[in-house]
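Asks: What follows is a single structure, and I will ask about it in a moment.
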Amino acid sequence: MIWNKTFECMSREEMRECQSKRLIETVQRVYHNVPAYREKMQQAHLVPEDIRSVDDLHKLPFTVKQDLRDNYPYGLFAVPMSEVVRVHASSGTTGKPTVVGYTRKDLATWSEVIARTLTAAGAHKHDVIHIAYGYGLFTGGLGLHYGSEKIGATVIPISGGNTQRQIQLMHDFGSTVLACTPSYALYLAEAIDESQYKRSDLKLRVGVFGAEPWTETMRKEIEEKLHIKAIDIFGLSEVIGPGVSSECEHQCGLHVFEDHFIPEIIDPKTLEVLPEGELGELVFTCITKEALPLIRYRTRDLTRLHYEKCKCGRTLVRMEKCTGRSDDMLIIRGVNVFPSQIEEVLLKIDGLQPHYLITVDRVHNLDVMQLQVEVEQEYFTDRISELQGLSKKLQHSLESALGIGVDVKLVEPKTIQRSEGKAKRVIDNRKLN
Ligand code: DLL
72 MIWNKTFECM
82 SREEMRECQS
92 KRLIETVQRV
102 YHNVPAYREK
112 MQQAHLVPED
122 IRSVDDLHKL
132 PFTVKQDLRD
142 NYPYGLFAVP
152 MSEVVRVHAS
162 SGTTGKPTVV
172 GYTRKDLATW
182 SEVIARTLTA
192 AGAHKHDVIH
202 IAYGYGLFTG
212 GLGLHYGSEK
222 IGATVIPISG
232 GNTQRQIQLM
242 HDFGSTVLAC
252 TPSYALYLAE
262 AIDESQYKRS
272 DLKLRVGVFG
282 AEPWTETMRK
292 EIEEKLHIKA
302 IDIFGLSEVI
312 GPGVSSECEH
322 QCGLHVFEDH
332 FIPEIIDPKT
342 LEVLPEGELG
352 ELVFTCITKE
362 ALPLIRYRTR
372 DLTRLHYEKC
382 KCGRTLVRME
392 KCTGRSDDML
402 IIRGVNVFPS
412 QIEEVLLKID
422 GLQPHYLITV
432 DRVHNLDVMQ
442 LQVEVEQEYF
452 TDRISELQGL
462 SKKLQHSLES
472 ALGIGVDVKL
482 VEPKTIQRSE
492 GKAKRVIDNR
502 KLN
């Protein structure tokens, strides 16, 4: 089934026309309403009239996460706050979160692209959708929520955590669609085996998994263990949240809802646009958003684009599964974590040295992050009793800064290997590439 045949199956020529029209309008709007964009365009010697079709997209300057930070919290909004009806946020590289806003029309657009996502995954109005993505500032829970209601399904807004209860309610409420991160899906699969329920007691049929990278091997494992079809869904808060692209039942690339978000692939070093099929950094331009219409936003996600029509009938461009990034952002249990955020926390605590090593593993399908930090020598000689207090303090500060628990291990000075070049701060043993 296809939710919106007009836009999901239009010819490439019609799509270009639609994109051109919307791009021209968007550029006019940001130029006149967002001082930061006007300055960027002026620096590039551009006026809105220079953008006459999608072929001119490459002339526009890029937007990066730092721009959102420099204009924190609402500086890039293109409408007055009286028009903004919702705000979400995700972690930034340091300290402050990345803040995104939605007008009423933006929320309608979001529901529309989620309705397309769910329909592409095979969900419909007779489904009971168990949403175990986090509700709150994270876009996962509420993003999936309204699109699920739009297709007329029954929504269980359970949010994350309390796995035994999740299983019990999945059973009692007859959930047929599971929405959560792929690693949580695997964790649930194991937890079901250990619970009083058998997989055959549950009605699950489809899973819509995203918010973090996952491999084909993980997909196979989830599908076998949960006896469901596992569909990859992709998105990022800055663009809208979930609902930027999604797989269909053929599971051969994620259809990008390009009548709303135009994708490009660039070389992250030269910033040149790359031809179809080449691996590079994914860039999006939002052409229908009112509150936060980001222009050429660099996602840092690495992938390829393919334009041939899919077996399902959709003509939308497809992106390959994202498995890598061009920066050092880690995704731990669906939460974005930058090593710089950790560094910032430990530099504020007396007694700790800025020598640290982050190790990420997947234990029983759950991400665990360990942080080793060097402590000043005196803590190991005459202040051993304070060591535990220091460790607790660090653990608390990290938890409040990152929103997830970190296993902290304090070590003696000079135990962490020094590097002659760029320090190696992260060992990721999850093998996602
Ligand atoms: O993770 C939005 C989302 C929620 C997507 C629920 C899908 C499902 P952010 O917290 O802003 O937004 O994180 C965005 O997560 O740039 C990618 O690096 C990564 N990511 C999201 N979906 C996928 C996916 C949400 N399917 C960042 N595969 C993005 C790989 C993904 N990486």
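Going by my numbering, the first residue of the sequence shown is number 72, and it counts up by one from there.
Cβ coordinates follow ideal geometry from the N, Cα and C atoms, glycine included.
Of the choices A260, Q424, Q466, whose alpha-carbon is the least far from that of I487?
Replies: Checking every option, the nearest Cα to that of I487 belongs to Q424.
Asks: In three-state DSSP terms, what is P132?
Replies: Three-state result, P132: coil.
Asks: By how many angstroms is the C-alpha of R175 removed from the C-alpha of R100?
Replies: Approximately 17 Å between the Cα atoms of the pair.
Asks: Cβ of C357 versus every heavy atom of the ligand DLL: is any distance shorter than 7 Å?
Replies: No.
Asks: Leaving out five residues before and five after F451 in sequence, what residues of the same chain have Cβ atoms less than 7 Å from its Cβ?
Replies: Counting only Cβ-Cβ distances below 7 Å, and skipping sequence neighbours, we find E483.
Asks: Compare the Cα-Cα distances from K296 to each of G306, R270, E318, H321 and report the closest residue.
Replies: Of the candidates G306, R270, E318, H321, the one whose C-alpha sits nearest the C-alpha of K296 is R270.
Asks: On the DSSP bridge assignment, give the partners of N407 in chain order.
Replies: Looking at the DSSP assignment, N407 forms a beta bridge with I402.
Asks: In the DSSP output, which residue or residues are listed as bridge partners for C251?
Replies: Note: C251 sits in a beta bridge opposite F280.
Asks: What are the partner residues of H201, as DSSP defines its beta bridges?
Replies: Note: H201 sits in a beta bridge opposite I227, L249.
Asks: Closer than 7 Å to a non-hydrogen atom of the ligand DLL - does that hold for the CB of P228?
Replies: No.
Asks: Pick helix, strand or coil for I73, following the three-state DSSP scheme.
Replies: I73 falls in the coil class under three-state DSSP.
Asks: I need the straight-line Cα distance from L259 to Q412, nearest angstrom please.
Replies: Roughly 29 Å separates the two Cα atoms.
Asks: Just verifying my parser: in three-state terms, what is the DSSP assignment at T288?
Replies: Of the three classes helix, strand and coil, the one that applies to T288 here is helix, per DSSP.
Asks: In terms of residue numbering, what span does the beta strand (DSSP E) encompassing P425 cover?
Replies: Taken as a continuous stretch (DSSP letters only), the beta strand (DSSP E) holding P425 covers 423-434.
Asks: Going by C-alpha to C-alpha distance, which of D303, E349, L350, T341 sits closest to V327?
Replies: The shortest Cα separation from V327 among D303, E349, L350, T341 belongs to D303.
Asks: Could you check which residue in T252, D398, F209, V226 has the C-alpha nearest to that of A282?
Replies: Cα-wise, what sits closest to A282 is T252.
Asks: Less than 8 Å between C-beta atoms, sequence neighbours within five positions excluded: which residues of the same chain meet that for L128?
Replies: Around L128: L94, I122, I333, E335, T356, R367.
Asks: For the region 464-478 against the region 420-435, are there 3 or more C-beta pairs whose distance is under 8 Å?
Replies: Enough Cβ pairs lie closer than 8 Å, so yes.
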